[in-house]
Amino acid sequence: MAAPVSDAAAVTGVRVPRIAPLYRLQWEAAQQAHVLLFPEGMVKLNGSAGEILTRCDGRRTVDAIVAELEALFGQGGLAGEVGAFLEFATGKGWVEWPAK
Amino acid sequence: MAGEVSAGAATPGPPLWLLAELTYRCPLHCPFCSNPVDFVRAGAELATSEWRRVLAEARELGAVQLGFSGGEPLSRVDLEELVEAAHGLGFYTNLITSGVGLGAARLRALKDAGLDHIQLSFQDSTRELNDFLSSTRTFELKRRVAADIKANGFPMVMNCVLHRLNIDHVGRIIELAADIGAEFLELANTQYYGWAFHNRSQLLPTREQLVRAEAIVGDSRARFGERLRILFVVPDYFEGRPKRCMNGWGSTMLCIAPDGTALPCQAARVLPGVAFPSVREMSVRDIWFQSPLFNRFRGESWLPEPCRSCPERSKDLGGCRCQAFLLAGDAAVTDPACDKAPDHQLVLDAIAASASPPTHELRFRSPENSRLLSEPAGGNGS
Chain H
1 MAAPVSDAAA VTGVRVPRIA PLYRLQWEAA QQAHVLLFPE GMVKLNGSAG
51 EILTRCDGRR TVDAIVAELE ALFGQGGLAG EVGAFLEFAT GKGWVEWPAK
Chain A
101 MAGEVSAGAA TPGPPLWLLA ELTYRCPLHC PFCSNPVDFV RAGAELATSE
151 WRRVLAEARE LGAVQLGFSG GEPLSRVDLE ELVEAAHGLG FYTNLITSGV
201 GLGAARLRAL KDAGLDHIQL SFQDSTRELN DFLSSTRTFE LKRRVAADIK
251 ANGFPMVMNC VLHRLNIDHV GRIIELAADI GAEFLELANT QYYGWAFHNR
301 SQLLPTREQL VRAEAIVGDS RARFGERLRI LFVVPDYFEG RPKRCMNGWG
351 STMLCIAPDG TALPCQAARV LPGVAFPSVR EMSVRDIWFQ SPLFNRFRGE
401 SWLPEPCRSC PERSKDLGGC RCQAFLLAGD AAVTDPACDK APDHQLVLDA
451 IAASASPPTH ELRFRSPENS RLLSEPAGGN GS
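Heads up: the sequence lines are chains H and A, in that order.
Quick note: the first sequence uses this note's numbering, first residue 1, plus one each step.
Quick note: the second sequence uses this note's numbering, first residue 101, plus one each step.
Here is the structure:
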């Protein structure tokens, strides 16, 4: 497919997101939160953002991430919310979409 | 458990940012150096084992961003060992360097040790001015180092301190950052502390220079977008409002000087009548939560007027304490950079004076000049 891999419109269920190389995701006990670390900076993530990004490992598809989170939270219909966050995270440069 | 803090102070969070100034030794002689003017008077450098303890204690408190700085941190032969220790503790490790001493073997060793990122300084986009300001022939070396940094897969921030002598080159400085493949460019308008304060009449730009530079930065941001993110450090003399210094005194930043002195920022050593805690005598936890220094200007309860009744007090927390002391002679007054400050005229006078010839020659950072400037004005030196 010819669309640029960073195109937010490319957030579809079968695609596989991963954390962009400029960023490092880790759990910080002192902050009780996942954080994204990058040169001289840090973003503190809220609970759902942390749960989504920890699953952006370059192996899981968006559909798989949604299914896991729906099981984790015991509620369906999360695809829209997850997709919207991944578009946001892509725009921020936190997440990339390697070509298959 | 946040520990006890003095009455009235806000409960502080952890020191998220640890700045480890490993040494005041530096091969460069920049006249805007952030090190104290009297750096020759500092005590002996911390040993490797002391640094390892500091890193572990700070990490346990919740510090997560770690800057290895100086001086030139590559002057320490144990840098790789400290990077490896910090990496093992879970820090995100930043090396803040001039590039001098960063050969191919050391770069690989630092990569193997787990270094996450390198911030490389340039003093200008031209060899002539870069080499003049640093008093070294380092421009070509820095370009080679930049290429090696990228070849080793490090993210890279290029840093350039801006002032009257180079701010008109800002467009070419941005081009240089793009050329060398930096992901970020920090255009650090000079903050007037330490050496820069001594050289202010040489370094402070005119308002016209600043306006032109800001327009170029705006255009360049639009042109480069995400490819090169440009940070423009606020030139607070010209803003009419003070900066929220270090994100608030004792709120985020813990700086450890080469001799183990703990500071809320690199410049705070200048404050008089203050007992500075040392990691040689106290734990990092006690320094952060208990020491009088870190509680002195924490939060808002200490604020003077006009800050105390100002609707913007939570935004800037009264501005910078070191600047209040340097300009107004009292660390506990409103930062004169604020146009509501009783002492704001001091800043306006400095800006007006920037249109006139400088009052003295540039004083380059060197041990000799440090000794000279450490002497009290009466000549009754140590």
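Using N, Cα and C, we set each Cβ at its ideal position, and we do this for glycine too.
Taking glycine 47(H) as the reference, give the member of Asp57(H), Glu40(H), Leu36(H) with the closest Cα.
Check the Cα spacing between glycine 47(H) and each of Asp57(H), Glu40(H), Leu36(H): the tightest is with Leu36(H).
Nearest chain A C-beta to alanine 30(H) closer than 8 Å, yes or no?
Closer than 8 Å to some Cβ of chain A, the Cβ of alanine 30(H) qualifies, so yes.
In or out: alanine 109(A) buried (at least 16 other Cβ within 10 Å) or exposed?
For alanine 109(A), the predicted structure reports a pLDDT of 44, less than 50, and the residue's modelled location is therefore unreliable. The matter cannot be settled from this model.
Given proline 114(A), which residues of its chain have a CB within under 7 Å of its CB, disregarding the five upstream and five downstream residues?
Once the five neighbours on either side are set aside, the close Cβ partners of proline 114(A) are Leu161, Gly162, Ala163.
Using the beta-carbon of each residue, which ones in chain A are nearer than 9 Å to glutamine 26(H)?
For the C-beta of glutamine 26(H), the chain A residues within less than 9 Å are, from N- to C-terminus, Val164, Gly190, Tyr192.
Spell out whether any CB of chain B is found under 8 Å from the CB atom of glutamate 121(A).
Checking the listed chains, one finds no chain B in this structure; the protein chains it contains are H and A.
For alanine 107(A), which residues from the same chain have a beta carbon less than 8 Å from its beta carbon, with the 5 sequence-adjacent residues on both sides left out?
Bear in mind that a pLDDT of 39 at alanine 107(A), under 50, signals an unreliable position, so the number given afterwards is only what the model happens to contain. Apart from sequence neighbours up to five positions away, no residue of its chain approaches alanine 107(A) with a beta-carbon distance below 8 Å.
Going by the beta-carbon positions, is the gap between cysteine 407(A) and alanine 368(A) smaller than 8 Å?
No, the pair does not count as a contact, with Cβ atoms beyond the cut-off.
For valine 374(A), is the beta carbon positioned less than 7 Å from some heavy atom of the ligand GTP?
As for the ligand GTP, it is missing from this structure, which has no ligand bound.
Measure the C-alpha to C-alpha separation of glutamate 62(H) and glutamine 165(A) and round it to an integer number of angstroms.
Looking at the sequence provided, one finds valine at residue 62(H) rather than glutamate. When rounded, the distance between both Cα atoms is 30 Å.
Who are the Cβ neighbours of glycine 481(A) in its own chain at under 6 Å, not counting the five residues just before and after it?
Confidence is the limiting factor: at glycine 481(A) the pLDDT is only 36, short of 50, which leaves the residue's position unreliable, though a coordinate-based value still follows. Answer for glycine 481(A): Glu475, listed in chain order.
Check whether chain H comes within 8 Å of phenylalanine 168(A), counting only Cβ atoms and requiring the distance to be less than that.
No, no contact with chain H.
The alpha helix (DSSP H) spanning glutamate 228(A) covers which residue range?
Per DSSP, glutamate 228(A) belongs to the alpha helix (DSSP H) from 227-234.
Bridge partners for cysteine 260(A) per DSSP, in chain order?
For cysteine 260(A), DSSP records a beta bridge to Phe222(A), Leu287(A).
Who are the near neighbours of phenylalanine 191(A) in its chain, counting only those whose CB is closer than 8 Å to its CB and skipping five residues on each side?
Leu118, Leu155, Arg159, Ala163, Val164, Gln165, Leu166.
Under 8 Å between C-beta atoms, does leucine 161(A) make it to chain H?
By this cut-off, leucine 161(A) is an interface position.
List the whole-angstrom C-beta distance separating leucine 262(A) from alanine 288(A), where the pair is believed to meet the contact cut-off of C-beta under 8 Å.
Rounded to whole angstroms, the Cβ separation of leucine 262(A) and alanine 288(A) is 6 Å, and the two are in contact under 8 Å.
According to DSSP, is methionine 346(A) helix, strand or coil?
Here methionine 346(A) sits in helix by DSSP.
Measure the C-alpha to C-alpha separation of methionine 101(A) and glycine 350(A) and round it to an integer number of angstroms.
Residue placement at methionine 101(A) cannot be trusted, given a pLDDT of 33 that sits under 50; the coordinates are not used to answer.
Do the CB positions of phenylalanine 394(A) and proline 364(A) come within less than 8 Å of each other?
Yes, they are a contact pair.
Going by CA-CA distance only, name the one from Asp430(A), Ala455(A), Ala453(A) that's closest to aspartate 443(A).
Taking only the C-alpha atoms, the option nearest aspartate 443(A) is Asp430(A).
Are glutamate 180(A) and alanine 213(A) touching if we call contact CB-CB under 8 Å?
Between glutamate 180(A) and alanine 213(A), the gap from beta carbon to beta carbon is short of 8 Å.
Would threonine 197(A) and leucine 233(A) qualify as a contact pair, given that the criterion is a beta-carbon distance under 8 Å?
No, these two residues do not count as a Cβ contact at 8 Å.
Tell me, which residues are paired with glycine 41(H) by DSSP?
DSSP, once it has assigned bridges, lists Phe38(H) as partnering glycine 41(H).
If we ignore side chains and look at the alpha-carbon of each, how far apart do alanine 89(H) and glutamine 26(H) end up?
Computed Cα separation, rounded: 16 Å.
So for proline 436(A), helix, strand or coil by DSSP?
Collapsing the DSSP output to three states places proline 436(A) in coil.
Let me see if you follow: with CB-CB separation under 8 Å, is glycine 77(H) close to chain A or not?
So no, glycine 77(H) is outside the interface.
For phenylalanine 85(H), three-class secondary structure by DSSP:
Residue state for phenylalanine 85(H) is assigned as helix, using DSSP reduced to three classes.
Strictly below 8 Å CB to CB, what residues from chain A border valine 35(H)?
Under the 8 Å cutoff, chain A gives Val164.
Quick check on asparagine 194(A): does DSSP put it in helix, strand or coil?
In the displayed model, asparagine 194(A) falls within a strand according to three-state DSSP.
Within 8 Å of chain H by C-beta, residues of the region 198-219 of chain A in sequence order
Flagged, chain order: Asp216, His217, Gln219.
Cutting at 7 Å between CB atoms, please list the residues of its own chain near aspartate 91(A), excluding the five before and the five after it.
Past the edges of chain A, shown from 101 to 482, lies residue 91(A), and the structure says nothing about it.
At a CB-CB cut-off below 8 Å, which residues of chain A make contact with glycine 93(H)?
Going along chain A in sequence order, the residues near glycine 93(H) (Cβ under 8 Å) are Glu326.
Integer-rounded CB distance, given that glutamate 121(A) should sit under 8 Å from proline 358(A):
Beta-carbon to beta-carbon, proline 358(A) and glutamate 121(A) are separated by about 5 Å, close enough to satisfy the 8 Å threshold.
Would you please verify whether the beta carbon of proline 364(A) is less than 8 Å from any beta carbon of chain H?
False, the Cβ-Cβ gap to chain H never drops below 8 Å.
On the three-state DSSP scale, how would you describe glutamate 339(A)?
In this structure, DSSP gives glutamate 339(A) a state outside helix and strand, which the three-state scheme calls coil.
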